[in-house]
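What follows is one structure encoded as C-alpha cells, with my remarks underneath.
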Amino acid sequence: MMNSYINIKTETIKYFKTCFLILILLIFAACQSDDDTTPTPQDSINGFWSIADKGWIFEFTDGNDIFYNINAAGCSIQNDDFVLQDFFGFNFDVIGENELIASSELSDSEIVFMRLSNQNPDCLPNQISDTKDPVINFDHFWNIFNDYYAFFETRNIDWAQYESLRDQVTADNFYDIIEELAYLLDDGHVSIYDEQNGIEINSGDPTLLEKLNANLSIDLAIENESDFFDLGNEKLRTIFNDYLGGNVESDERLNILWGLINDDTGYINIITMEGYGTNFNNELSSLNVLLDTVMDDIEASGVSKLIIDIRFNDGGYDTVALDIVSRFIDQERISYSKKARLGDSFTENRSFSVAPKGNFQFTDDIILLTSPYTISAAELFALCVKDLPYVTIVGENTNGAFSTILQHVLPNGAEIGLSNEIYSDAQGAIFEVIGIGPENQENQVPFLSTLDFQDEKDSGIERALELLNN
6 MMNSYINIKT
16 ETIKYFKTCF
26 LILILLIFAA
36 CQSDDDTTPT
46 PQDSINGFWS
56 IADKGWIFEF
66 TDGNDIFYNI
76 NAAGCSIQND
86 DFVLQDFFGF
96 NFDVIGENEL
106 IASSELSDSE
116 IVFMRLSNQN
126 PDCLPNQISD
136 TKDPVINFDH
146 FWNIFNDYYA
156 FFETRNIDWA
166 QYESLRDQVT
176 ADNFYDIIEE
186 LAYLLDDGHV
196 SIYDEQNGIE
206 INSGDPTLLE
216 KLNANLSIDL
226 AIENESDFFD
236 LGNEKLRTIF
246 NDYLGGNVES
256 DERLNILWGL
266 INDDTGYINI
276 ITMEGYGTNF
286 NNELSSLNVL
296 LDTVMDDIEA
306 SGVSKLIIDI
316 RFNDGGYDTV
326 ALDIVSRFID
336 QERISYSKKA
346 RLGDSFTENR
356 SFSVAPKGNF
366 QFTDDIILLT
376 SPYTISAAEL
386 FALCVKDLPY
396 VTIVGENTNG
406 AFSTILQHVL
416 PNGAEIGLSN
426 EIYSDAQGAI
436 FEVIGIGPEN
446 QENQVPFLST
456 LDFQDEKDSG
466 IERALELLNN
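Residue numbers (my numbering): 6 to 475.
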C-alpha cells in the first residue's frame with residue numbers, strides 16, 4: 006500500500022507557490038508589474054557521445070537523435086526524439102574530433118561530451134532494456150543509485166544489502182519496494198514518477214512534513230495541500246498587512262516581493278529561483294532587470310537594515326541564486342565548490358566565485374530567514390551568504406538537498422531523480438542532510454507555529470527586528 010505521505014510535497018508544496026501567488030494577486034491587484042538558437046554543427050558530431058558522471062549517452066544522426074541512460078544493469082532511452090538545441094539553453098562548441106563542450110548562462114559550469122567509438126560504444130540500440138518486467142526494472146533502479154548516488158555514506162545507508170530485494174519483486178509489489186528504498190534515503194532530491202501508473206514518490210516528504218508540523222497543534226496540522234495552502238496564505242497576509250502595512254512591490258510574476266517594515270528596515274521575499282524569463286535565453290537578463298529595480302528601491306529608501314526571506318523558496322536555477330547573491334556581496338569571493346559522483350570516486354572539486362553586480366549592493370546588516378522548505382538553489386543562496394560578516398541567519402535549518410537533480414529513466418518509462426553532486430562551502434564544509442541554519446539556539450525560530458497563528462505574528466521577523474535593533 007502506498008505511503009500516506011505521498012503527494013504531500015508533489016501536490017501540496019509543488020502547487021503551493023502558485024496558489025499563494027494567486028492569492029497575493031487578489032490582495033495586491035496593483036502590484037508593479039524571441040528565442041535565439043545556436044546552430045548545431047550536426048555534420049561534425051554524428052556518432053555516440055558520453056557524459057560519464059551523469060550516465061548519459063547521446064547518439065547524433067542525420068535523423069532523430071537519441072538520449073540514452075546507462076547503468077551497470079544496462080541501457081534505457083530517456084528521449085528518442087532528442088533536440089540538441091533544446092538542451093536547457095546550452096550552446097555547443099566542437100573541440101577537435103572527440104570533445105563537445107556545452108555551456109549555458111543557466112549552468113555554473115560547462116558540460117563536456119566525450120566521443121565514443123562507434124564500433125564499440127557503451128550503449129547500443131540492441132542493448133536497450135524496454136520492458137515492464139519488475140525484476141529488470143528493479144535491477145536498473147538499484148544500479149542507477151549504486152552507480153551515481155553521492156550520499157550513501159552521508160545518509161548512513163548500506164545500499165548493497167538491498168540488492169537482494171530483487172528476489173522478492175513482483176509486478177504487484179514493485180513500486181512498494183522501491184518506495185521503501187526511496188524513503189530510506191530521505192532525500193528531497195530523490196523521486197520516482199510514473200505517469201502511466203499514477204505513481205509519484207518523493208523521498209523527502211515524510212521528514213519535510215514532520216518538520217513543518219513540529220510546532221503546530223493537532224487542529225492546525227498539515228495533512229493535505231489545502232492545509233498547507235491555508236497556513237501559507239495566512240502567514241503571508243500577516244507579513245504583508247502587519248509588518249509591511251499593505252505596501253508591497255512586486256514583479257508581474259510575483260517572484261520577488263519587497264517593501265519597508267519601517268524607515269530603517271527593508272524586507273525582500275525571494276519566492277523562487279526560476280521563472281524570471283520567458284525562455285532559457287532571457288532568464289538571467291530578465292532577472293537582472295528586476296533586481297536593478299529592487300535594489301534601486303532599497304537604495305532610494307535609505308534603509309540601513311534588511312530582512313531577506315527565503316522561507317517560501319523551493320529552488321530553481323543555481324545561476325539565478327548566484328545573480329541574486331551578487332547584489333548582497335561586498336567583493337568577489339569564492340563562495341562554494343562542488344563535485345559529482347564518478348564510479349568509486351568523484352570528478353574534480355571545482356570552486357566557484359561570486360562578484361558584485363549592478364550599480365548598488367546592499368552590504369549593511371542583513372537577517373536571512375530560512376526554513377525546511379528552503380531547498381536546492383535557495384540553499385545555495387544561503388550557502389553563499391552565510392559567512393558574510395554582516396549576515397545573520399534566523400529561522401530553521403534548510404532542507405539539506407543541494408545537488409542538481411540527475412534524471413534517469415527505468416525500462417518501463419518511470420522517471421528517476423537523484424542527487425549525484427556534493428556542494429561544500431568556501432571552507433570545504435558540507436551541509437547535505439543537516440542544511441544551513443542559525444548558529445545559536447536564540448535564533449532558532451519555527452517557520453510555522455500555532456502560537457504565531459494565534460497571536461497573528463511572525464516570530465522570524467520579530468526575532469530579526471530584535472537583532473537589527475540591538
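Even glycine gets a Cβ: it sits at the ideal position worked out from N, Cα and C.
Just so we're clear, the structure is a prediction, and the values are computed from it rather than from any experiment.
Counting of Cβ neighbours within 10 angstroms places residue 223 among the exposed residues, the total staying below 16. Taken in chain order, the complete beta strand (DSSP E) segments of 3 residues or longer contained in the region 246-308 are 261-265, 270-275.
If only uninterrupted alpha helix (DSSP H) runs of at least 4 residues are considered, those enclosed by the region 373-436 are 382-390. Listed in chain order, the non-local C-beta contacts of residue 147 below 6 Å within the same chain comprise 168, local neighbours out to five positions each way being set aside.
Around residue 65, the same chain offers 50, 51 as residues with beta carbons nearer than 6 Å, after the five sequence neighbours per side are excluded. About 7 Å separates the Cβ atoms of residue 324 and residue 112, confirming a contact at the 8 Å cut-off. The DSSP assignment places 139-153, 179-190, 210-218 as complete runs of the alpha helix (DSSP H) inside the region 138-225, in order along the chain (cut-off: 4 residues). Cα atoms of residue 107 and residue 181: separation of roughly 38 Å, rounded to the nearest angstrom. Within 10 angstroms of the beta-carbon of residue 88 lie fewer than 16 other beta-carbons, which makes it exposed. Runs of the beta strand (DSSP E) lying entirely within the region 40-125, each at least 3 residues long, are 52-56, 61-65, 70-76, 79-87, 96-100, 104-108, 116-120 in chain order. By the 16-neighbour rule on beta-carbons within 10 angstroms, residue 433 is exposed. Assigned with DSSP and collapsed to three states, residue 338 falls in strand.
In this structure, residue 363 lies away from residue 278, with their beta-carbon atoms at least 8 Å apart. Residue 353 and residue 114 have their C-alpha atoms some 12 Å from each other. Under the three-state reduction of DSSP, residue 132 is assigned to helix.
Considered as a whole, the region 347-377 harbours 355-359, 370-375 as its complete beta strand (DSSP E) runs of no fewer than 3 residues, in chain order.
As the crow flies, the alpha-carbon of residue 143 is around 29 Å from that of residue 428. Just measuring C-alpha positions, the residue of 444, 412, 370 sitting nearest residue 475 is 370.
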